[in-house]
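The sequence shown runs contiguously to residue 910 in this note's numbering. Scroll down for the structure; my scribbles are underneath it.
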Amino acid sequence: MKVLVLGSGGREHALVWKLRQSARIAKLYCAPGNGGIAEDAECLPVDLKNLDSMVALGMQVQPDLTVVGPELPLTLGVVDEFTRRGWPVFGPTKAAAQLEASKSFAKEFLQRHRIPTAAYAICDSMEEVREALALFHAPVVVKADGLAAGKGVVIAASKEEAASVAAEMFSGKMVGEAGTRVVLEECLKGDELSFLVLSDGERVAPLVAAQDHKRVGDGDTGPNTGGMGAYSTVDIVDDKMRDWLVNHIAKPVVEGMKAEGAEYKGVLYCGLMMTARGPMVLEFNCRFGDPETQPILMRLESDLVDALEASIAGRVSEGDFKWSGDAAVCVVIASGGYPGTYEVGKNIVGLDAAAAIEGVKVFHAGTSNRDGEFYTAGGRVLGVSARAAELETAVQQAYRACEKIHFEGAHYRRDIAGRAMKKS
Ligand code: AMP
Ligand code: GLY
487 MKVLVLGSGG REHALVWKLR QSARIAKLYC APGNGGIAED AECLPVDLKN LDSMVALGMQ
547 VQPDLTVVGP ELPLTLGVVD EFTRRGWPVF GPTKAAAQLE ASKSFAKEFL QRHRIPTAAY
607 AICDSMEEVR EALALFHAPV VVKADGLAAG KGVVIAASKE EAASVAAEMF SGKMVGEAGT
667 RVVLEECLKG DELSFLVLSD GERVAPLVAA QDHKRVGDGD TGPNTGGMGA YSTVDIVDDK
727 MRDWLVNHIA KPVVEGMKAE GAEYKGVLYC GLMMTARGPM VLEFNCRFGD PETQPILMRL
787 ESDLVDALEA SIAGRVSEGD FKWSGDAAVC VVIASGGYPG TYEVGKNIVG LDAAAAIEGV
847 KVFHAGTSNR DGEFYTAGGR VLGVSARAAE LETAVQQAYR ACEKIHFEGA HYRRDIAGRA
907 MKKS
């Protein structure tokens, strides 16, 4: 069969790498892809902000399966459009992708279905913000309602700061259109967990859980990023907790969406805070996480094509995935200046030496390839990943690989999975 992956990041490289292991695939495309993905799939140009461009690509490829990486094409309705044309596609429809595209929709949905989440207020003006703030205690979390590529959430230390962040969001200068509505939230404390499930609109099958590292600096300091690293192990959640999360969060979401006429198929990413009051939903994503997908797929032993098709066909069951008991980790190497402004076009060296280390796979996120040489082409450049029986070994191997890789301005966190190792 012919399979098309849409996207260009580390998550898409991991998807392509895993899909390539399936004996069922005769031809694998990725659009637009990146320098590293081009070694594993045929890369084709596309504009993921433009539905017509994606449809034109579909006509050219005639895919038997399309896997959508990022949220934007989903929120534009690529699944609705491809399905209408008879091209099987994995992911939620435009209506179901609202769970990620609108934080106010997600919060009201959670409240309607009594799924645990932080107390909140939805505000359309500064007057509403000032009124609502009277009911909050500092710190207050201020969120732009729409998609803001990870830049739409600020944890304000005081109510004054919360008001000024909200004003900046409303002005359009901070996150554009995404900030015309603002959600204020109670600030939750605890460990964050990325809990992803596969859904066919009715049933869910959990993936192994992972933990992301959102802040740019060691010890969770500095600004938020798209994610600087992630890990997954057998004991990140025990069986009892996994069943609780399925029964009290993932299933009620999928059943609620169906009851409301927006059946949710695809991967449902539940971003959770494990608080003293129990797990609470911080956000939903309507797609695989990046970088969580890198360690998660390194632990997947069964065929990914079969699982994705089960979601489309409405026959998901718990046994769709077979997981390795090994641990896996991904350390993101980013461009100098990221998550602020950064330069691209820096020559990357040491990739072969890194890949030669046992258990290591280097996923490319923002790279280009010119005449056999790799260059930086984005903020997050590489996801240096490793799998091993013990988390400590996986982490050691990933960092040994990181040390082999060089480009001007490169930086990465030194403490990925550090908290898990301290606990054990
Ligand atoms: P979101 O895009 O909603 O996941 O927010 C990005 C990050 O902001 C999350 O991963 C958390 O680290 C943080 N965050 C979001 N909402 C809250 C909250 N209510 N309390 C504490 N931290 C939050
Ligand atoms: N790693 C967070 C995300 O994929 O949104």
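By construction, the Cβ of each residue, glycine as well, lies at the ideal position given by its N, Cα and C atoms. These numbers were taken from a predicted model, which means no experiment stands behind them.
C-alpha of Lys637 to C-alpha of Ala664: approximately 10 Å in a straight line. The straight-line gap separating the alpha-carbon atoms of Arg763 and Trp730 is approximately 14 Å.
Counted as a single uninterrupted DSSP element, the beta strand (DSSP E) harbouring Met760 occupies residues Lys751 to Thr761. Between Ala524 and Leu684, the C-beta gap is not smaller than 8 Å, which leaves the two residues out of contact. The beta strand (DSSP E) runs of length 3 or more contained entirely in the stretch 571 to 622 are, from start to end of the chain, 606 to 609. For the pair His734 and Met714, the CB atoms are not nearer than the 8 Å cut-off. The beta carbon of Val702 is closer than 7 Å to those of Gly708, Pro709, Thr711, Met714 and Pro825 in its chain, skipping five residues each way along the sequence.
By the criterion of a C-beta distance shorter than 6 Å, Glu894 is surrounded in its chain by Lys832, once the five residues flanking it on both sides are discounted.
The Cβ atoms of Ala851 and Val870 lie no closer than 8 Å to each other.
Here DSSP, grouped into helix, strand and coil, assigns Cys816 to strand. Excluding the 5 residues flanking it on each side, Val565 has same chain C-beta neighbours closer than 6 Å at Val575, Gly577 and Thr579, in chain order.
For Leu633 against Val626, the beta-carbon gap comes to about 22 Å, at or over 8 Å, which does not count as contact. Within 7 Å of the C-beta of Glu889 there is not a single heavy atom belonging to the ligand GLY. Beyond the five residues adjoining it in sequence on each side, Asn520 comes within less than 6 Å, by CB distance, of Ser494, His850 and Thr853 in the same chain, given in chain order. The beta-carbon distance between Ala624 and Lys645, rounded to whole angstroms, is 6 Å. This is short enough to meet the 8 Å contact definition. Looking at Lys593, Arg570, Ser650 and Tyr861, the one whose alpha-carbon comes closest to that of Glu613 is Ser650. The ligand GLY never approaches Glu672 closely enough for any of its heavy atoms to be under 7 Å from the residue's Cβ. Non-local C-beta neighbours of Ala736 in its own chain, meaning closer than 8 Å and more than five positions away in sequence, comprise Phe681, Val683, Ser685, Val690, Pro692, Leu754 and Cys756, ordered along the chain.
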